[in-house]
Amino acid sequence: MTVLEYIKNNVTFLDGGMGTLLQKSGLGIGELPERLNLTHPDAIKNIHLDYFNEGSNIVCTNTFGANTLKFPLDELDKIVCAAVKNANDARLESSGSQDKWIALDIGPSGKMLKPYGDLDFEEAVGVFAETVRLGVKYGVDLIVIETMNDSYETKAALLAAKENSDLPIFVTNAYGEDGKLMTGADPASMIALLEGMGADAIGVNCSLGPKALKPIVREYLKYSSLPVIMKPNAGIPRSVDGKTVFDVLPEEFAEDVAELIGEGVGIAGGCCGTTPEYIKALVSSAKGLSHIPVTEKNYTCVSSYTHAVFFDKEPILIGERINPTGKKRFKEALRENDVNYILNEGISEQESGCHILDVNVGLPEIDETALLTRVTSELQAIVDLPLQLDTTSVEALESALRRYNGKAMINSVNGKRESMEAVFPLAKKYGGLVVALTLDENGIPTTAEERVAIAEKIIEEAKKYGISKKDIIVDPLALTVSADNNAAVETLRAVKMLREGLGVHTSLGVSNVSFGLPERELVTSSFFTLALGQGLSAAIMNPHSLEMRKAYHSYLALAGLDESCGKYIEFATSIPKAVESTATVSQKSEEEYKSELQRAIIKGLREDSAKITAELLKTSAPLDIVQSEIIPALDVVGVGFENKTVYLPSLLMSAEAAKSAFEVIKTAVPKDKTSNKATVIIATVKGDIHDIGKNIVKLLLENYGFNTIDLGRDVPAEEVVKAVKEYNASIVGLSALMTTTVPAMEETIKLLRERAPECRVIVGGAVLTQEYADMIGADKYAKDAMEAVRWAEKIDS
Amino acid sequence: MSGFIKSLVPQEYDRREILRYAGVREATSDVEALLEECLKECDGIFSYKVCYVELERESFPDFLKDYERLKGCERAVIFVATVGIGIDRLIKKHSVSSPSKALMLQAIGAERIESLCDSFCNGYENATPRFSPGYARLELDAQRKIFSLLDPERSIGVTLNTSLLMSPSKSVSAIFGIRSKK
Numbered sequence: 001m002t003v004l005e006y007i008k009n010n011v012t013f014l015d016g017g018m019g020t021l022l023q024k025s026g027l028g029i030g031e032l033p034e035r036l037n038l039t040h041p042d043a044i045k046n047i048h049l050d051y052f053n054e055g056s057n058i059v060c061t062n063t064f065g066a067n068t069l070k071f072p073l074d075e076l077d078k079i080v081c082a083a084v085k086n087a088n089d090a091r092l093e094s095s096g097s098q099d100k101w102i103a104l105d106i107g108p109s110g111k112m113l114k115p116y117g118d119l120d121f122e123e124a125v126g127v128f129a130e131t132v133r134l135g136v137k138y139g140v141d142l143i144v145i146e147t148m149n150d151s152y153e154t155k156a157a158l159l160a161a162k163e164n165s166d167l168p169i170f171v172t173n174a175y176g177e178d179g180k181l182m183t184g185a186d187p188a189s190m191i192a193l194l195e196g197m198g199a200d201a202i203g204v205n206c207s208l209g210p211k212a213l214k215p216i217v218r219e220y221l222k223y224s225s226l227p228v229i230m231k232p233n234a235g236i237p238r239s240v241d242g243k244t245v246f247d248v249l250p251e252e253f254a255e256d257v258a259e260l261i262g263e264g265v266g267i268a269g270g271c272c273g274t275t276p277e278y279i280k281a282l283v284s285s286a287k288g289l290s291h292i293p294v295t296e297k298n299y300t301c302v303s304s305y306t307h308a309v310f311f312d313k314e315p316i317l318i319g320e321r322i323n324p325t326g327k328k329r330f331k332e333a334l335r336e337n338d339v340n341y342i343l344n345e346g347i348s349e350q351e352s353g354c355h356i357l358d359v360n361v362g363l364p365e366i367d368e369t370a371l372l373t374r375v376t377s378e379l380q381a382i383v384d385l386p387l388q389l390d391t392t393s394v395e396a397l398e399s400a401l402r403r404y405n406g407k408a409m410i411n412s413v414n415g416k417r418e419s420m421e422a423v424f425p426l427a428k429k430y431g432g433l434v435v436a437l438t439l440d441e442n443g444i445p446t447t448a449e450e451r452v453a454i455a456e457k458i459i460e461e462a463k464k465y466g467i468s469k470k471d472i473i474v475d476p477l478a479l480t481v482s483a484d485n486n487a488a489v490e491t492l493r494a495v496k497m498l499r500e501g502l503g504v505h506t507s508l509g510v511s512n513v514s515f516g517l518p519e520r521e522l523v524t525s526s527f528f529t530l531a532l533g534q535g536l537s538a539a540i541m542n543p544h545s546l547e548m549r550k551a552y553h554s555y556l557a558l559a560g561l562d563e564s565c566g567k568y569i570e571f572a573t574s575i576p577k578a579v580e581s582t583a584t585v586s587q588k589s590e591e592e593y594k595s596e597l598q599r600a601i602i603k604g605l606r607e608d609s610a611k612i613t614a615e616l617l618k619t620s621a622p623l624d625i626v627q628s629e630i631i632p633a634l635d636v637v638g639v640g641f642e643n644k645t646v647y648l649p650s651l652l653m654s655a656e657a658a659k660s661a662f663e664v665i666k667t668a669v670p671k672d673k674t675s676n677k678a679t680v681i682i683a684t685v686k687g688d689i690h691d692i693g694k695n696i697v698k699l700l701l702e703n704y705g706f707n708t709i710d711l712g713r714d715v716p717a718e719e720v721v722k723a724v725k726e727y728n729a730s731i732v733g734l735s736a737l738m739t740t741t742v743p744a745m746e747e748t749i750k751l752l753r754e755r756a757p758e759c760r761v762i763v764g765g766a767v768l769t770q771e772y773a774d775m776i777g778a779d780k781y782a783k784d785a786m787e788a789v790r791w792a793e794k795i796d797s
Numbered sequence: 798m799s800g801f802i803k804s805l806v807p808q809e810y811d812r813r814e815i816l817r818y819a820g821v822r823e824a825t826s827d828v829e830a831l832l833e834e835c836l837k838e839c840d841g842i843f844s845y846k847v848c849y850v851e852l853e854r855e856s857f858p859d860f861l862k863d864y865e866r867l868k869g870c871e872r873a874v875i876f877v878a879t880v881g882i883g884i885d886r887l888i889k890k891h892s893v894s895s896p897s898k899a900l901m902l903q904a905i906g907a908e909r910i911e912s913l914c915d916s917f918c919n920g921y922e923n924a925t926p927r928f929s930p931g932y933a934r935l936e937l938d939a940q941r942k943i944f945s946l947l948d949p950e951r952s953i954g955v956t957l958n959t960s961l962l963m964s965p966s967k968s969v970s971a972i973f974g975i976r977s978k979k
């Protein structure tokens with residue numbers, strides 16, 4: 001019988017701890033435990049043997065940390081070979097009559113993934129892939145990915161296992177007392193991710209004892225359509241007289257785990273601190289408990305690195321602002337690779353209360369695959385909302401899906417054969433909730449019935465790929481009502497038929513409906529309310545629109561989804577405040593400031609300075625505002641900083657206020673170059689991941705009108721040179737914070753001297769001094785951001 | 798081998814100390830408001846954890862055997878502490894949307910991790926000051942040794958990158974001795 005057939009109908013027992021036993025036998029101190037497979041094969045085999053003899057169905061090879069980050073490949077090969085052999089020998093020798101399998105054990109890489117560590121996602125996939133290939137080569141029966149405390153790394157390991165084997169894959173994560181992974185994921189989000197990618201059994205292991213794990217395991221039982229695994233520690237290790245002691249004994253452990261087997265856990269074992277005795281007790285406690293078959297759960301959801309968003313009664317708001325359509329300023333940002341602009345859109349959409357962000361960065365003249373992938377990676381690092389990847393490029397979709405830390409929403413597939421053949425394999429491989437547009441080779445049908453028929457066809461086709469109906473959300477398409485009187489009516493009918501008849505969730509891009517009409521928001525928000533009334537599950541919309549938010553909140557109250565109308569009241573009482581604050585701005589311009597705008601900038605008031613600038617633009621030329629308002633105000637603060645009467649946070653607050661003024665000017669006059677200053681390339685050098693200082697310098701340079709290209713952190717010398725050429729830059733700013741990365745700075749300068757000798761280089765960062773800067777051949781050392789700006793101004797004049 | 802784990806709650810925020818980390822000697826009301834706003838955003842994001850071992854002199858690892866700052870100490874404690882990755886995310890977010898907040902959050906994180914280390918070390922009587930790799934004549938490479946001794950990757954999720962930097966960034970690795978009572 002295969003292990004997958006077995007777990008369908010039987011409670012399955014895993015093994016217990018390995019490390020604790022090795023420590024007890026005096027092995028493994030100051031030695032990587034994986035090497036013991038080679039040096040002490042009998043000791044390892046005997047541990048496996050004890051587990052098999054006490055009733056384990058599956059033992060995991062002693063390969064927790066066996067990866068190419070810790071061992072050279074040839075040694076790794078020997079280790080995995082020996083580890084599998086040790087487990088196999090134990091299986092042959094064991095007297096136990098139960099079915100037995102051997103799992104390749106894969107633990108975390110020991111590195112944090114980018115951007116919070118330095119291991120690239122694809123590199124991580126590569127590391128796990130090597131171990132998987134060796135496990136396959138030496139004949140394991142399945143793969144167990146365990147103790148993962150980061151969702152992103154879990155995804156990398158699972159992807160590597162999927163791409164390099166056809167073996168069954170079990171995945172267990174290590175949750176903290178707060179019920180989350182170290183990097184923030186809750187059980188529902190992990191389940192969404194792992195199910196989507198096709199794991200065979202999922203669950204929890206390590207970090208906590210069985211009692212503390214119960215609530216987490218119950219979450220798994222609630223949401224998972226896969227068999228659930230539970231592998232707790234024997235409590236928490238304590239030091240008693242210098243010895244490691246675990247506080248949960250075998251009987252108590254077994255009882256607690258058996259309780260959860262009674263509730264539906266199908267696969268159980270132990271982690272740190274557990275021994276063959278614990279497994280023996282567990283097997284005996286579980287005797288008489290019948291196996292509870294896994295049921296298919298019917299949740300429709302997507303997830304981010306922290307949480308899942310469920311499509312249910314409460315409508316889901318999908319922010320539409322990350323999209324260049326009709327937005328000059330956004331297009332400009334895309335062309336200039338100004339990712340920060342895009343990220344800020346996402347941050348402000350989240351602040352406006354939407355649940356998911358649509359991400360569309362498609363423009364004909366840009367490399368959409370590269371940009372969508374980058375924006376996805378950077379957005380998911382700072383915003384904890386799930387993303388809806390919105391692209392017509394299959395290549396861009398795959399690249400972004402691969403990097404996505406969770407279960408994404410895929411926008412979109414349609415009834416055309418070509419579309420389904422391209423999108424469904426990706427949805428199957430990476431997981432995802434697919435938005436299905438009701439159009440096909442014949443275009444968009446007029447009637448609701450025809451659109452529902454296309455939806456049915458898409459759902460049928462998805463089934464063939466193994467994608468279930470719950471992972472399809474149908475968009476019956478909102479068309480422009482000014483072009484066709486019946487457009488809205490048919491769409492609304494389709495929403496109802498899809499939800500009630502077909503039983504699928506629906507989504508609409510609601511803004512389209514009002515195209516070409518005056519007071520569009522009024523029409524859009526009314527349509528939104530009507531659609532919600534028909535059972536619409538989600539809308540792609542502008543979360544900043546007050547009319548839309550009004551519609552949303554009043555719907556929640558009217559639909560019985562807002563207890564005591566609490567949320568509505570909170571929302572409604574916040575509206576007048578927002579209006580008031582615009583009124584107060586102009587009232588008290590104090591004597592000591594030359595103008596309102598200068599005051600706003602000097603005091604670091606972002607919103608005020610944006611509003612005042614917008615007012616000023618009606619009467620003044622953009623360049624005049626910059627020259628006679630913004631720059632003088634910045635100078636006041638800059639001089640204060642140099643004289644040590646103004647401190648860094650205040651300098652930055654002013655810089656941000658100035659930036660928001662610039663932003664208004666840029667939006668209003670996108671073609672107008674507000675300055676003709678030099679282009680500056682700025683970067684933190686290779687090996688260094690500090691970027692606060694660099695960001696400060698960048699902000700100030702931008703304030704003073706320099707065209708600043710930020711290459712980010714950990715930037716190789718070649719990339720700096722490449723950017724200098726590409727943007728024709730005359731100044732390069734390099735930052736390094738650690739003594740260990742100053743050589744990388746030196747190397748970068750050397751390469752610049754060789755290939756771009758006309759370029760001037762300024763350096764800064766905590767460890768640098770004038771002497772250091774001279775030694776590595778920089779043109780200038782700046783002790784702070786103001787000094788950097790002053791120097792750049794001088795060079796450029 | 799791996800270390801023991803302790804979850805600790807450090808002292809309340811020391812606002813003066815935070816402002817000092819942010820480079821502020823006299824806070825204006827704007828800066829104070831910024832600080833309060835940042836502290837509010839930090840609500841619930843810290844996850845304070847320490848992974849440690851206590852060692853008798855005879856089981857000191859090689860790199861500590863002749864370390865002069867532990868002279869006269871019969872015992873030593875090696876630890877890695879972290880306030881978790883939440884603050885890193887917040888800093889990263891604001892370095893995009895508001896560098897002044899990023900700077901203040903950076904300072905808050907620094908104050909938190911130092912305060913956590915203080916709370917942990919204060920639990921020991923007769924302790925020496927703590928020393929970290931790269932400082933106080935403790936070689937930077939001691940970082941690697943501390944990590945292989947404690948395995949904090951597994952227990953508290955602190956990892957080392959190739960430049961021996963720790964992630965989450967607000968983490969500290971250190972040792973201190975415990976002087977014999979006289």
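Chains A and B are the protein sequences, given in the same order.
Residue 664 in my numbering sits at position 664 of the first sequence, with consecutive numbering throughout.
Residue 941 in my numbering sits at position 144 of the second sequence, with consecutive numbering throughout.
Quick reminder that beta carbons are idealized off the backbone N, C-alpha and C, glycines included.
Rounded to whole angstroms, how far is the Cβ of Ile802 of chain B from the Cβ of Cys848 of chain B, which I believe are closer than 8 Å? So it is a contact: roughly 5 Å between Cβ atoms.
Grab me the residues of Leu532 of chain A's own chain with a C-beta within less than 7 Å of its C-beta, minus the 5 sequence neighbours each way, in chain order. Closer than 7 Å at the Cβ level, and outside the excluded window around Leu532 of chain A, lie Pro315, Tyr555.
Close-in-space but distant-in-sequence residues of the same chain around Pro227 of chain A (CB under 7 Å, 5 per side omitted): Ile7, Ala201, Gly266, Ile267, Val294, listed in sequence order.
Under 8 Å: do the segment 409-419 of chain A and the segment 428-437 of chain A share three or more Cβ pairs, one atom per stretch? Enough Cβ pairs lie closer than 8 Å, so yes.
Neighbourhood of Leu522 of chain A by C-beta, 7 Å cutoff - its chain only, sequence neighbours within 5 removed: Taken in chain order, the residues that qualify are Glu547.
With a Cβ-Cβ cutoff of 8 Å, do Thr164 of chain A and Val132 of chain A count as a contact? Rather than Thr, the amino acid found at residue 164 of chain A in this sequence is Asn. Yes.
Minimum Cβ-Cβ distance from Pro930 of chain B to chain A less than 8 Å: Not closer than 8 Å to any Cβ of chain A, the Cβ of Pro930 of chain B fails to qualify, so no.
For Ala90 of chain A, which residues in chain B fall below 8 Å Cβ to Cβ? Near Ala90 of chain A there are no residues of chain B at all, since even the closest Cβ is about 25 Å away, more than 8 Å.
Below 8 Å on the Cβ atoms is my guess for Asp150 of chain A versus Leu194 of chain A; work out the distance and round it to an integer in Å. That belief does not hold up - the Cβ atoms of Asp150 of chain A and Leu194 of chain A are roughly 13 Å apart, past 8 Å.
Residues from the segment 652-666 of chain A in contact with chain B, defined by Cβ distance under 8 Å: For the segment 652-666 of chain A, the set of residues with a beta-carbon nearer than 8 Å to any beta-carbon of chain B comprises Leu652, Met653, Ala655, Glu656, in chain order.
Is the beta carbon of Asp480 of chain A sitting closer than 8 Å to the one on Phe515 of chain A? Strictly speaking, residue 480 of chain A in this sequence is Thr, with Asp absent from that position. Yes; because the gap between Cβ atoms is below 8 Å, this pair is in contact.
Could you check what DSSP says for Asn411 of chain A in three-state terms: helix, strand or coil? Asn411 of chain A falls in the strand class under three-state DSSP.
Does the beta-carbon of Ile279 of chain A have 16 or more other beta-carbons within 10 angstroms, so that it is buried, or is it exposed? The residue is buried, with at least 16 neighbouring Cβ atoms inside 10 Å.
Proximal residues to Asn53 of chain A (C-beta, below 7 Å), its chain only, five neighbours per side dropped: Cβ within range, chain order: Ser94, Ser95, Gly96.
Have a look at Val383 of chain A and Ala286 of chain A and give me their C-alpha separation to the nearest angstrom. One C-alpha to the other measures close to 44 Å.
So, does the CB of Ser894 of chain B fall closer than 8 Å to a CB anywhere in chain A? Yes, Ser894 of chain B counts as interfacial toward chain A.
Are the CB atoms of Ala657 of chain A and Ile601 of chain A nearer to each other than 8 Å? Yes, Cβ-Cβ distance for Ala657 of chain A and Ile601 of chain A is below 8 Å.
In whole angstroms, what is the alpha-carbon distance linking His40 of chain A and Ile47 of chain A? A straight line joining the alpha-carbon of His40 of chain A with that of Ile47 of chain A spans about 11 Å.
Nearest-angstrom Cα separation, counted from Gly764 of chain A out to Phe170 of chain A: Distance between the alpha carbons of Phe170 of chain A and Gly764 of chain A: 48 Å.
With H, G and I counted as helix, E and B as strand and the rest as coil, what does DSSP make of Gln534 of chain A? In the structure shown, Gln534 of chain A adopts coil according to DSSP, grouped into three states.
Can you name the residues of chain B whose CB is closer than 8 Å to the CB of Arg238 of chain A? Under the 8 Å cutoff, chain B gives Phe801.
For Asn695 of chain A, three-class secondary structure by DSSP: For Asn695 of chain A, the three-state secondary structure derived from DSSP is helix.
Below-8 Å beta-carbon distance, Arg872 of chain B vs any chain A residue: No, because no Cβ of chain A sits closer than 8 Å to the Cβ of Arg872 of chain B.
May I have a chain-ordered list of the alpha helix (DSSP H) segments no shorter than 4 residues that lie completely inside the segment 314-368 of chain A? As far as the segment 314-368 of chain A is concerned, its whole alpha helix (DSSP H) runs of at least 4 residues are 328-335, 339-351.
Sort B:Glu814, B:Arg866, B:Val850, B:Pro807 by Cα distance to Ile904 of chain B and report the nearest one. With the sequence shown as reference, residue 904 of chain B is identified as Ala, and Ile is not the correct amino acid for it. Each of B:Glu814, B:Arg866, B:Val850, B:Pro807 was checked against the Cα of Ala904 of chain B, and the nearest Cα belongs to B:Glu814.
Best match in A:Ser564, A:Thr447, A:Ala756, A:Gly16 for proximity to Gly269 of chain A [C-alpha to C-alpha]: Of A:Ser564, A:Thr447, A:Ala756, A:Gly16, the residue nearest in Cα terms is A:Gly16.
Could you give the distance in angstroms between the alpha-carbon of Pro108 of chain A and the alpha-carbon of Phe64 of chain A? Roughly 8 Å separates the two Cα atoms.
Counting only beta-carbon separations shorter than 8 Å, does Ile696 of chain A have a partner in chain B? Yes - at least one Cβ of chain B is within 8 Å of the one on Ile696 of chain A.
By the three-class DSSP mapping on this structure, what secondary structure does Asp42 of chain A have? Three-state result, Asp42 of chain A: helix.
Where Thr584 of chain A falls, given that 16 or more other Cβ within 10 Å makes a residue buried: Because the pLDDT of Thr584 of chain A is 44, which lies under 50, any placement of that residue in the model is unreliable, and the question is left without a value.
On the CB-based measure, 16 or more other CB atoms within 10 Å of its CB, does Arg808 of chain A come out buried or exposed? A query on residue 808 of chain A cannot be resolved here, the shown segment of chain A reaching from 1 to 797 and no further.
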